[in-house]
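Start counting the sequence shown at 3; every next residue gets the next number (this note's numbering).
Heads up, the thing below is written out as structure tokens.
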Amino acid sequence: SDVLRIPATDSDEFKKEKVAEAILHHVGVNLDIFDENGQSIHEENGSSRWKLKLLHQDPPVLSVENFFSEADVEKYKSMIESNEGSNGGGSGDAVQLSSPTFSSSLSLSRRTSTTWFCKYESMTCLLAKAQALLNVDLKQMEEPQLVRYRTGEEFSWHYDEIPAAQLRNGGQRLATLLVYLNDLEDDRGGGTVFRDLKPVVNESSKRKKRGSSTKENEDQLTVRPKSGTALVFFPAFKDGKPDPRTLHKGEVALDTKMIAQLWIHEQEYQASVPENNLQVDAASGVREELERLG
């Protein structure tokens, strides 16, 4: 294909000017909270500082190491366990559904994982950190979700964009933020693979740095699950035009894989599950989390 795609080099993994250039036409990343080495200015109690990396330049794909502390990770893993079997009831903090995605002729994907749609007020840590990183309003955030892939489960090639017929609620998805809740070894699958994007290039040798040990993905950008690390990419430009270059999959997991995820919309979004799920209910908790982050 002659569609432009520009991989990142390891020398560009964090240069503020390169990241700023990469995200110019997308919902913003708050670069003011990072120093010249890509380390966050804030430091959580008992946790390392965030580390921002540019994994692909155009379209931009970024990772943030240490985005969740160990305590954050354990909290959300325990939510998955405590809400097991909460199908459609909505009585707790989350509702369990067979992992849905927006129906679209663009993407005939297979998804075999399980998703919990969570109440905003139960996910204030994720929401606050997303707000700090992306400079977006709480009202633009879709229902926060927890997802579990058991052994052998996957999410085949798909886009995160919303079909035109379903844009009335909040407009297009501008950003995908997912946070891995556990590690998976290179040979255990479960990576997030971008079909049409190349891995980071080692500038000194001009070789591609591999993110996965599987031969079928060695020439594709593959992000390995690492507990607490966030992955950020952009299904659409900030004007709402979808970016088809972001086609990706969650490869078959050979061990259990868990993530927290959040989508950011163009405009105010109204949640549908759980019942009476409102962003405003999380506002005070998000403020407290932001004050804690400094």
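Note that the Cβ used here is the ideal one computed from N, Cα and C, for glycine as well.
Small disclaimer: the values here were computed from a predicted structure and weren't measured.
{"Query": "CA-to-CA distance, Tyr271 to Gly230, given in whole angstroms", "Result": "26 Å"}
{"Query": "Where Met125 falls: helix, strand or coil (DSSP)", "Result": "coil"}
{"Query": "Bridge partners - Asp60, DSSP secondary structure assignment", "Result": "Ile8"}
{"Query": "According to DSSP, residues forming a beta bridge with Ala96", "Result": "Cys120"}
{"Query": "Three-pair Cβ contact test at 8 Å for the region 221-240 versus the region 137-145", "Result": "no"}
{"Query": "Reduced DSSP category for Pro237 - H, G, I as helix; E, B as strand; rest coil", "Result": "coil"}
{"Query": "Own chain partners of Leu26 with C-beta closer than 7 Å, once the 5 adjacent residues on each side are dropped", "Result": "none"}
{"Query": "Selection from Ala96, Leu180 and Ser124 that minimises the alpha carbon distance to Leu136", "Result": "Leu180"}
{"Query": "Cβ-based burial, Asp221 [other Cβ within 10 Å; buried from 16]", "Result": "exposed"}
{"Query": "Where Leu256 sits in the DSSP three-state scheme", "Result": "coil"}
{"Query": "Where His44 falls, given that 16 or more other Cβ within 10 Å makes a residue buried", "Result": "exposed"}
{"Query": "Bridge partners - Leu292, DSSP secondary structure assignment", "Result": "Partner(s): none; Leu292 has no beta bridge."}
{"Query": "Candidates Ala255, Lys228, Glu156 and Thr126, of which the one nearest Glu290 by Cα", "Result": "Thr126"}
{"Query": "Status (buried if at least 16 other CB within 10 Å, exposed otherwise) for Asn278", "Result": "exposed"}
{"Query": "Of the listed residues Leu183, Glu163 and Asp257, nearest to Val75 (C-alpha basis)", "Result": "Leu183"}
{"Query": "Environment of Gln168 [buried if 16+ CB atoms lie within 10 Å]", "Result": "exposed"}
{"Query": "Ordered list of beta strand (DSSP E) runs contained in the region 151-202, each at least 3 residues", "Result": "157-160, 175-182 and 194-196"}
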